[in-house]
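Peer 1: The sequence shown begins at 0 in numbering that gives the first Met the number 0 and counts up one residue at a time.
Next up is a structure, given as structure tokens.
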Amino acid sequence: MKFKVTEVVRGFQNATYNIDGKDVFTKVIFMDAAMNEDSGGKGFKTVERKCVTPEVITAIAHNPFPLECEIELEELATKSKSELFVLSLRPIKAVGPGAQPLKAPVQA
0 MKFKVTEVVR
10 GFQNATYNID
20 GKDVFTKVIF
30 MDAAMNEDSG
40 GKGFKTVERK
50 CVTPEVITAI
60 AHNPFPLECE
70 IELEELATKS
80 KSELFVLSLR
90 PIKAVGPGAQ
100 PLKAPVQA
């Protein structure tokens, strides 16, 4: 199942580590999620969402954060669990105190 949401992205981790001779990729964004007011919560918390490729993150890395984005998500399942993965991020605007205008991507 694929769907799109508009939410605030607070930051990201896009790193490669070498553990026992194997490269391990960490490619996650940290985005806002509304607390459930019916169970006593109020406001937002930050949740971690895995990205399908590092390019999802590099497409927005040049912008100031926090950043309001259109986020395309897909639920992928294994035999025992399902998880949401980020397929794409489309920046809309910078948010928060001192928000800066969005920047054009840096061409390599």
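We put the beta carbon where it would ideally sit given N, CA and C, even for glycine.
Could you give the DSSP three-state label for ILE56: helix, strand or coil?
Peer 2: Helix, per DSSP.
Peer 1: In chain order, what residues of the same chain lie with their CB nearer than 6 Å to the CB of ALA14, ignoring the 5 residues before and after it?
Peer 2: Closer than 6 Å at the Cβ level, and outside the excluded window around ALA14, lie THR25.
Peer 1: Please name the residue or residues paired with ALA76 in a DSSP beta bridge.
Peer 2: Beta-bridge pairing links ALA76 to SER81.
Peer 1: For the stretch 35-44 against the stretch 61-71, do three or more pairs of beta-carbon atoms, one drawn from each stretch, fall closer than 8 Å, so that the two count as touching?
Peer 2: No: the two stretches stay apart, fewer than three of their Cβ pairs being nearer than 8 Å.
Peer 1: For ALA98, list the residues DSSP reports as bridge partners.
Peer 2: For ALA98, which the question treats as bridged, DSSP gives no partner whatsoever.
Peer 1: Look up ASP37 in the DSSP assignment and say whether it is helix, strand or coil.
Peer 2: DSSP places ASP37 in helix when its eight states are reduced to three.
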